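Residue numbers (UniProt numbering): 1 to 285.
Yeah, the Cβ is synthetic: ideal placement off N, Cα and C, and Gly gets one too.
Since the model is a prediction, treat every value here as computed from it, not as a measurement.
Data first, discussion second: the structure below is written as structure tokens.
Set out below in structure tokens:
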């Protein structure tokens, strides 16, 4: 059974929920197994739910006992809904079934996104069995900046601003599909993004773009390659530029989700592998 979590219940079950959040087999993304996020960050993030209109926490009860919680949020203007926590001790399939029925009734017409570690087999096998589309299958990596020695700066790259945004847009338009952070939305929030583009013979060949999660934690949203053609040298150059920029700005860590093809280069640049991230999507009719 799912029911709305009160603030007093949140305080009662927060330790149990955090314990689940640190277990890949029983939790969802964003993960708290990455060496970055702390219990204090977990408590602070979930505590904000009670002051926000478009977020809720649901408690999951099974056989009369609370076995976990689900934290979700929605963006009405975009018909977008996603979980930010799905920490279930047992009967994950039942919790998933009840949650899908709940949001299916409450959020008709929305697109639902669910991210899980591949290690959470109960969740991912259930979603696959229900015919959910897996739209992302990426490797989650963390770079601890102070542990990377002799960091190259990246050569002959162009920093993107509003005046030269088209150099990035020509690349991002090729791959954006129906992703939330399309070229238009990134441009509208460009002051929050750092973007470098590599060019060859006057044409954009690759781009790296990232944001700051906190003052010392950055996340690479993507590396776009022209025509989808992976070039190790361009890719490596873009990563080094991002890492050098973050180091210059006093960054402590950087997160990057990449595909299998680029994972080896990512590791060579100083990142550490955290886990395999799977994102599923469905439209709520």
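Q) Mapping DSSP to helix, strand and coil, what is residue 249? A) In this structure, DSSP gives residue 249 a state outside helix and strand, which the three-state scheme calls coil.
Q: Kindly list the residues whose CB is nearer than 8 angstroms to the CB of residue 54, restricted to its own chain and excluding five residues on each side of it in sequence; keep chain order.
A: Same-chain partners within the cutoff: 73, 74, 75 and 76.
Q: Can you tell me which of 247, 64, 126 and 211 puts its alpha carbon nearest to the alpha carbon of residue 148?
A: 247
Q. Who does residue 217 pair with in a DSSP beta bridge?
A. Looking at the DSSP output, residue 217 sits in a beta bridge with 253.
Q: Report, in whole angstroms, the separation of the C-beta atoms of residue 211 and residue 221, which I expect to be a contact under 8 angstroms.
A: 7 angstroms
Q.
At the level of alpha carbons, what is the spacing between residue 27 and residue 256?
A. Rounded to the nearest angstrom, the two C-alpha atoms are 19 angstroms apart.
Q: Would you please state the rounded distance, in angstroms, between the beta carbons of residue 42 and residue 282? I believe it to be under 8 angstroms.
A: The Cβ separation is near 27 angstroms, so there is no contact.
Q. Between the beta-carbon of residue 118 and the beta-carbon of residue 20, is there less than 8 angstroms?
A. no
Q | residue 65: first and last residue of the uninterrupted beta strand (DSSP E) it sits in | A | 65-75
Q) When DSSP labels each residue in this structure, what does residue 145 get in the three-state scheme? A) helix
Q) Span of the beta strand (DSSP E) holding residue 186? A) Premise fails: residue 186 lies in the alpha helix (DSSP H), 183-188, not in any beta strand (DSSP E).
**Q.** Counted within 10 angstroms of its Cβ, other Cβ atoms place residue 169 as buried (16 or more) or exposed
**A.** buried
Q: Along the beta strand (DSSP E) that carries residue 82, what are the first and last residues, could you check?
A: 80-88
Q: Decide if residue 85 is buried, meaning its Cβ has at least 16 other Cβ atoms within 10 Å, or exposed.
A: buried
(Q) Just to confirm my understanding: we take residue 243, look at its own chain, exclude 5 residues before and 5 after, and list those with CB closer than 8 angstroms. What are they? (A) 143, 145, 148, 151, 254, 269 and 270
Q: Mind checking which residues open and close the alpha helix (DSSP H) that includes residue 306?
A: Examination of residue 306 is not possible in this model, given that the chain is present from 1 through 285 alone.
Q) Should residue 95 be labelled buried (16 or more other beta-carbon atoms within 10 Å of its own) or exposed? A) buried
Q) Which residues in the same chain have their Cβ closer than 6 angstroms to the Cβ of residue 136, if we skip the five residues on either side of it in sequence? A) 279
**Q.** contact_flag[the region 226-244, the region 99-118] where n(CB pairs < 8 angstroms) is 3 or more
**A.** no
(Q) Measuring straight from C-alpha to C-alpha, what distance separates residue 202 and residue 57? (A) About 50 angstroms.
Q) Do you know offhand how far residue 52's Cα is from residue 99's? A) 20 angstroms
Q. Can you list, in chain order, the residues of its chain whose CB lies under 7 angstroms from that of residue 5, leaving out five sequence neighbours each side?
A. 57, 58, 59 and 69
Q: Could you pull the start and end residues of the alpha helix (DSSP H) that residue 173 belongs to?
A: 166-175
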